[in-house]
Amino acid sequence: MVHVLGVLLPDLQYARHALTTFYGVGNRTAHRLCARLQIHDRQKVRDLTATQITELASFLASPSTAPPLRRMPLALPGYKPPLVSVPTETLRNHALRDSLPGRPDPLKSLKIEAEARRMVKENIAHQRMIGSYVGKRHAMGLPVRGQNTQSNAKTAKKLNRVNRFG
Amino acid sequence: MQPSLILRSGRSAWKGPFFVAFPNLKQALEDNVPIRTNARSCTILPNFVGVRFMVHNGKDYLPVTVTQDMIGHKLGEFSHTKKRFTYKATKNR
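The listed protein sequences derive, respectively, from chains A and B.
Residue numbers in the first sequence follow the numbering used here, run continuously in steps of one, and reach 166 at the last position.
Residue numbers in the second sequence follow the numbering used here, run continuously in steps of one, and reach 1093 at the last position.
The following block contains the structure:
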């Protein structure tokens, strides 16, 4: 039984699959998360160590303020290793300084659960406020993207609201 | 132009947003005269803010006043093409 931020992760599933229980985390993001936290591809939730669970919880609590990914630049042929006396912290800072600026970290802007739901609601509210067709269809509880409505359209009738849940 | 605007459109960045050049845009903004147009697929650009349009919906020209929040949307999104059915009893039967 693993609870992370109020979400129960299924014990017997692979961690990369169990992470998709979070609202706002799909297979792709779950894969990234596992890579970030060094969770093995075939690791099940019940086999996660306490440290990994804590790391996961602390990362998901606020992805934007999580410590940056440590970059490991490859050494050039003429590289001389630093002296043993140099403290590790200095080495890490140097590595960060020398590393090339990469693409922005996609996990920084990760939004899950309540935050993600709020984002969806805000987007719908925006459409409604400016009076666009999309907003109107949400208010009517009908499909937004031109689907047929003579029959079916059940999902839209169930979900499409201005104040959407789920 | 916000970069997110291009990203959201799903159109390649080098093309930029699709829009129709209105030659009378500046004049319309000054005189507050609505621009009559059929260009429903024209993206609303930042310099359209405050301009009044009459956008064709297939039958009539409906008034659309562009606000800041509408930037990046299309003109046609604000000129609805469907009317809800209402039953009208016939007089002479």
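For glycine and all other residues, C-beta sits at the position ideal for the given N, C-alpha and C.
Note that the coordinates shown come from a computational prediction; the quantities given were computed from them, not determined experimentally.
task = Tell me where the alpha helix (DSSP H) around T29/A begins and ends.
result = 27-36
task = Compare the C-beta of L76/A against all C-beta atoms of chain B and say whether one is closer than 9 Å.
result = no
request  = Go ahead and pull the three-state DSSP assignment for K111/A.
outcome  = coil
query = Would you say M119/A faces chain B, with C-beta separation under 9 Å as the test?
reply = no
message = Please confirm whether E17/A has its beta-carbon closer than 9 Å to some beta-carbon of chain B.
response = The amino acid occupying residue 17/A in the given sequence is His; Glu does not appear at that position. Not closer than 9 Å to any Cβ of chain B, the Cβ of H17/A fails to qualify, so no.
message = Comparing C-alpha positions only, which one of P1017/B, L1075/B, R1084/B sits nearest to R1036/B?
response = L1075/B
key: Proximity below 9 Å, CB of L56/A to CB of L33/A   = yes
inquiry  = Give me the chain A residues within the contact set of T1078/B, using Cβ-Cβ distance strictly less than 9 Å, ordered along the chain.
reply    = Checking the displayed sequence, the identity of residue 1078/B turns out to be Phe instead of Thr. Those are I130, G131, S132, Y133, listed as they occur along chain A.
message = Would T1067/B pass as an interface residue toward chain A - the criterion being a Cβ-Cβ separation below 9 Å?
response = yes
task = Could you work out which residues of chain B lie near H126/A, taking near to mean beta carbons separated by less than 8 Å?
result = D1069
query = Under 7 Å Cβ-Cβ, which residues of chain B neighbour V136/A?
reply = As written in the sequence, residue 136/A is Lys, which differs from the Val given in the question. What K136/A touches in chain B: H1080.
ask   = Should H1056/B be flagged as near chain A, meaning a C-beta pair shorter than 9 Å?
value = no
ask   = Taking C-alpha atoms, which residue in V2/A, N148/A, S109/A lies nearest to P63/A?
value = S109/A
query = What span of residues does the beta strand (DSSP E) with V7/A cover, start to end?
reply = 7-9
request  = Determine the closest residue to L12/A out of V45/A, V86/A, A75/A, with distance taken between C-alpha atoms.
outcome  = V45/A
query = In this structure, does DSSP put M1001/B in helix, strand or coil?
reply = For M1001/B, the predicted model reports a pLDDT of 41, less than 50, meaning its position is unreliable; a value from the coordinates is still stated below. It is coil, neither helix nor strand.
task = Report all residues from its chain with a CB closer than 6 Å to the CB of Y1087/B; omit the five preceding and five following residues, and keep chain order.
result = none
message = Using the three-state DSSP reduction, which class does Y133/A fall into: helix, strand or coil?
response = helix
request  = Compare the C-alpha of G26/A against each of V120/A, M119/A, K111/A, R164/A and name the closest.
outcome  = K111/A
message = Just verifying my parser: in three-state terms, what is the DSSP assignment at F1053/B?
response = strand
key: Neighbour-count burial assignment, P1003/B, 16 or more Cβ in a 10 Å radius   = Low per-residue confidence applies at P1003/B: pLDDT is 49, beneath 50, and the placement is therefore not dependable, though the value from the model is reported in the following sentence. By the neighbour-count rule (16 or more Cβ atoms within 10 Å), P1003/B is not buried but exposed.
query = Nearest-angstrom Cα distance between R16/A and E115/A?
reply = 21 Å
task = Please classify P143/A: does DSSP put it in a helix, a strand, or coil?
result = coil
task = Reducing DSSP to helix, strand and coil, say where K44/A ends up.
result = strand
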